[in-house]
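Counted from 1, the sequence shown has number 249 at position 81 by our numbering; the numbering is strictly sequential.
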Amino acid sequence: MSDELLYSVDNHVAYLTLNRPHKLNAIDAALDEQLAERWEEIETDPGIWAVVLTGTGDRAFCAGGDISGGTEIAPARVGLGGGLTGIGGPLRQLSKPLVALVHGYVLGGGFELAMCADIIVAAEDTLFGLPEVRAGIIGEAGVVHRAIRQLPHRVAMTMILTGERLPAERALHFGLVNEVVPREALAEAGDSWVERLTAASPLAQQAAKQAVLSRANHPLEVALSTKYEAIEAYAGSEDVKEGRRAHAEKRHPQWTGR
Ligand code: COA
Numbered sequence: 169m170s171d172e173l174l175y176s177v178d179n180h181v182a183y184l185t186l187n188r189p190h191k192l193n194a195i196d197a198a199l200d201e202q203l204a205e206r207w208e209e210i211e212t213d214p215g216i217w218a219v220v221l222t223g224t225g226d227r228a229f230c231a232g233g234d235i236s237g238g239t240e241i242a243p244a245r246v247g248l249g250g251g252l253t254g255i256g257g258p259l260r261q262l263s264k265p266l267v268a269l270v271h272g273y274v275l276g277g278g279f280e281l282a283m284c285a286d287i288i289v290a291a292e293d294t295l296f297g298l299p300e301v302r303a304g305i306i307g308e309a310g311v312v313h314r315a316i317r318q319l320p321h322r323v324a325m326t327m328i329l330t331g332e333r334l335p336a337e338r339a340l341h342f343g344l345v346n347e348v349v350p351r352e353a354l355a356e357a358g359d360s361w362v363e364r365l366t367a368a369s370p371l372a373q374q375a376a377k378q379a380v381l382s383r384a385n386h387p388l389e390v391a392l393s394t395k396y397e398a399i400e401a402y403a404g405s406e407d408v409k410e411g412r413r414a415h416a417e418k419r420h421p422q423w424t425g426r
């Protein structure tokens with residue numbers, strides 16, 4: 169694999185870093201393919217419990233889909249962001265908690281990718297945006313649908329219709345991001361989220377994430393009356409027994425994710 173996507177795993181956490189700083193980490197077809205392979209690996213490896221996504225360089229987390237060859241979708245494309253956005257290919261669901269650490273430009277498909285995360289930490293210099301209409305394009309049939317679901321209606325519509333950017337502090341105000349930190353504190357903030365996330369049972373987290381996201385857009389009665397396979401499977405897990413034991417013994421649980 170090329171070094172345009174950095175990947176490592178440490179202490180049950182996978183770290184993915186977009187590494188095309190000369191192109192502001194714009195995502196081309198090759199990077200999409202690599203991301204798709206890594207999402208698959210992360211999803212199927214029971215030893216991975218959480219994921220941190222970030223971008224190298226001073227200027228951008230990601231300036232969107234790579235438009236140097238035009239905005240046409242290449243036939244081999246697996247979907248923007250390796251399928252996680254569901255744009256230009258099938259939607260790939262990630263059941264492990266995903267933390268995005270963003271800075272600088274977070275535009276178009278890069279904004280979509282960030283919005284796939286469960287937790288977003290933004291550096292103070294972050295600018296979120298959907299620049300497509302300003303360039304006379306409408307994105308790839310989908311770079312609009314998450315903003316309207318994750319921001320107040322008029323804030324999202326302003327971004328979609330004008331291409332105006334949303335700075336980090338305004339994004340925090342609207343609840344788009346969990347916190348805003350100085351650029352130099354971004355990695356440390358990521359470590360702190362990892363610590364909080366890995367204190368929980370990984371299997372319980374994955375079951376909860378699958379359940380809540382699969383029924384988020386359904387009426388409450390439907391969500392409540394659905395049987396969730398992952399939650400049912402969790403009942404027989406080692407983690408559930410360990411949780412009970414730790415509670416009885418008044419100690420922190422030692423999760424195994426089994
Ligand atoms: N696809 C491909 N390359 C991109 C890119 C993208 N989405 N965004 C930036 N780049 C490249 C530039 O072409 C440039 O490469 P070069 O030095 O080989 O010419 C490099 O990244 C730096 O960008 P540059 O435009 O010179 O920086 P800037 O400070 O003048 O402008 C932006 C920064 C983000 C405002 C500008 O790059 C931009 O508008 N990018 C496109 C964003 C976009 O439309 N995204 C949605 C895609 S559908």
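Using N, Cα and C, we set each Cβ at its ideal position, and we do this for glycine too. Just so we're clear, the structure is a prediction, and the values are computed from it rather than from any experiment.
DSSP beta-bridge partners of residue i
i      : result
Ala291 : Val349
Pro335 : Leu295
Cys230 : Val274
Val267 : Val220 and Ile287
Asp178 : Val181
Ile305 : Ile305 is not bridged to any residue.
Ile210 : None; Ile210 has no bridge partner.
Beta-carbon proximity of residue i to residue j, cut-off 8 Å
i      : j      : result
Ile288 : Leu344 : yes
Arg426 : Asp407 : yes
Trp207 : Leu252 : yes
Ile255 : Gly304 : no
Gly331 : Leu298 : yes
Leu269 : Gly358 : yes
Tyr323 : Val267 : Here residue 323 is Val; the residue named in the question, Tyr, does not match the sequence. No.
Leu340 : Val349 : no
Residue environment, residue i, which counts as buried when at least 16 other CB atoms sit within 10 Å
i      : result
Pro387 : exposed
Thr212 : exposed
Leu329 : exposed
Ile195 : buried
Phe342 : exposed
Pro265 : buried
Asn193 : buried
Ser369 : buried
Val413 : According to the sequence displayed, residue 413 carries Arg and not Val. Result: exposed.
Val181 : buried
Leu392 : exposed
Arg302 : exposed
Residues near residue i in its chain [Cβ-Cβ closer than 8 Å; skip 5 each side]
i      : result
Arg351 : His271, Ala291, Glu292 and Asp293
Gly249 : Ile195, Asp200, Leu203, Ile255, Gly277, Glu280, Leu281 and Cys284
Own chain residues within Cβ distance below 7 Å of residue i, not counting five before or after
i      : result
Val246 : Asp200, Glu201, Ala204 and Gly257
Ile399 : Ala375 and Ala379
Close-in-space but distant-in-sequence residues of the same chain around residue i (CB under 6 Å, 5 per side omitted)
i      : result
Ser405 : Leu371
Ser263 : Gln374, Lys377 and Gln378
Met283 : Arg314 and Gln318
Exercise for the section: Please confirm if the stretch 273–285 is in contact with the stretch 220–240, defined as three or more CB-CB distances below 8 Å between the two stretches. Expected result: Verdict: yes, contact present.
Exercise for the section: Inspect the CB distances between the stretch 308–328 and the stretch 354–366 and report whether three or more fall short of 8 Å. Expected result: As far as the Cβ criterion goes, the stretch 308–328 does not touch the stretch 354–366, which means the pair count is below three.
Practice task
Please determine if the stretch 206–226 and the stretch 176–186 are in contact, where contact requires at least 3 C-beta pairs separated by less than 8 Å.
Solution key: Under the Cβ criterion (8 Å, minimum of three pairs), the stretch 206–226 counts as touching the stretch 176–186.
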